[in-house]
Amino acid sequence: MQMAVVLVYLTVIAAALASAFGAELTADYYSETCPPALSTIKLLVGAAILREPRMGASLVRLHFHDCFVNGCDGSILLDDTDDTIGEKTAKPNNNSVRGYDVIDTIKSALNTVCLGNVVSCADIVAVAARDSIVALGGTSYDVLLGRRDATTASIDDANNDIPTPFMDLPALLANFESHGLSLHDLVVLSGGHTLGYSRCLFYRSRLYNETDTLDPAYAASLDERCPASGDDDALSALDDTPTTVDSDYYQGLMQGRALLHSDQQLYQGGGGDADDLVKYYGENPSKFWEDFGAAMVKMGNLSPLTGDEGEVRENCRVVNQQ
């Protein structure tokens, strides 16, 4: 009898600690509250990519930019209000981050199939990134779930916390380390640029000022799309296969064909640790797929709101009415 009382006491203490410090994320978080949740997200992500293959890269990027600003809390999805300017118009996001409408569609569908407001917007973003990677040829991984949604967003935090395409390697590493991520995480997660495109605005400086590290034939092909002035929104692919998850991104770095300054900084030919990692993943695509999934899980665990923190938004663009 005494042992039973002790066990009950310990259970109460454990529950109190979980409430105080946040519950753990789990892969089966919605298995009882909404069994169709993950299959619904997968179906709608697949449909969005079928309509526009570029959308896969956009959904992966949306997850990155959400997590790097105060953790993976869906704050990037919040529209501006009379009182708050959120993250959407921050320099790294404005006219660049996209996919908000796809998240809206998924959220609406989940509110129907779950018979209510069950799945957080932050979790939708994390799962949509994984499903995009799989749909475009990458290897699946278990997304840990149970995040809750932020009720605030900050344009200043977004401007300060998201790494830029103009950063040198020391600045990139310092940014990642400030989020608890390592050089290895930096090189692996940068492999997300196996997908997608960049605007001329973000690679013009490299194109016209970094000829010593830029393959001449590649530079000539970019000249046609990105003039020395104007056409800021002209798009170029981040690697040769922008809608396929593969190791071409790392091959491109070794060939001086990185589109962005920040990407080429990972491989400078001097034999450093970053160079070694780029070579390794360029030669071992299966290891890239495996390690990329693990790094995405690690990034997805950055400062999530759990337990009683935040809320589960009914509409991903606005906080719930109190």
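Heads up: take any position in the sequence shown, counting from 1, add 659, and you land on the working numbering. Every residue, glycine too, gets a C-beta built ideally from N, C-alpha and C.
Can the beta-carbon of residue i be found less than 9 Å from the beta-carbon of residue j?
{"i": "Asp922", "j": "Pro822", "result": "no"}
{"i": "Ile762", "j": "Leu737", "result": "no"}
{"i": "Val847", "j": "Ala954", "result": "yes"}
{"i": "Asp739", "j": "Thr748", "result": "yes"}
{"i": "Leu925", "j": "Leu804", "result": "no"}
{"i": "Ala787", "j": "Val728", "result": "no"}
{"i": "Glu746", "j": "Ala833", "result": "no"}
{"i": "Asp934", "j": "Gln927", "result": "yes"}
{"i": "Asp932", "j": "Leu842", "result": "yes"}
{"i": "Arg806", "j": "Leu684", "result": "yes"}
{"i": "Arg710", "j": "Thr902", "result": "no"}
{"i": "Asp801", "j": "Ala781", "result": "no"}
{"i": "Ser791", "j": "Leu840", "result": "no"}
{"i": "Ser779", "j": "Arg972", "result": "yes"}
{"i": "Ile735", "j": "Asn752", "result": "yes"}
{"i": "Thr810", "j": "Val978", "result": "yes"}
{"i": "Ser837", "j": "Ser895", "result": "no"}
{"i": "Asp890", "j": "Arg884", "result": "yes"}
{"i": "Cys975", "j": "Tyr759", "result": "yes"}
{"i": "Leu795", "j": "Ile783", "result": "no"}
Going by the DSSP bridge assignment, what does residue i pair with across the sheet?
{"i": "Leu854", "result": "Thr902"}
{"i": "Arg807", "result": "Leu964"}
{"i": "Ala896", "result": "Tyr856"}
{"i": "Val977", "result": "Asn974"}
{"i": "Thr685", "result": "Leu804"}
If residue i sits next to residue j, beta carbons under 8 Å apart, how far is it from one beta carbon to the other, in whole angstroms?
{"i": "Pro963", "j": "Asp820", "result": "Not quite, the Cβ-Cβ distance comes to about 16 Å (not below 8 Å), so this is no contact."}
{"i": "Gly959", "j": "Ala785", "result": "5 Å"}
{"i": "Cys859", "j": "Ala893", "result": "4 Å"}
{"i": "Tyr877", "j": "Ser906", "result": "At roughly 18 Å, the Cβ-Cβ gap does not stay under 8 Å, so Tyr877 and Ser906 are not in contact."}
{"i": "Ile700", "j": "Ile765", "result": "6 Å"}
{"i": "Val777", "j": "Thr692", "result": "5 Å"}
{"i": "Leu919", "j": "Phe861", "result": "6 Å"}
{"i": "Asp874", "j": "Gly915", "result": "4 Å"}
{"i": "Phe723", "j": "Gly851", "result": "7 Å"}
{"i": "Val956", "j": "Gly797", "result": "That belief does not hold up - the Cβ atoms of Val956 and Gly797 are roughly 13 Å apart, past 8 Å."}
- prompt: Three or more C-beta pairs closer than 8 Å, one from the stretch 684-703 and one from the stretch 759-776: is that the case here?
  reply: yes
query: How about the stretch 855-867 and the stretch 908-915: do they share at least three Cβ pairs that are nearer than 8 Å?
result: no
field: Inter-stretch contact at 8 Å, needing at least 3 Cβ pairs: the stretch 840-859 / the stretch 942-958
entry: yes
query: Can you give, in chain order, each stretch of the beta strand (DSSP E) that sits fully within the stretch 868-953 and has at least 3 residues?
result: 894-896
message: Just to confirm the assignment: which complete alpha helix (DSSP H) runs, minimum length 4, are found wholly within the stretch 750-832?
response: If we require 4 residues or more, the alpha helix (DSSP H) runs fully inside the stretch 750-832 come out as 759-772, 780-794 and 814-820.
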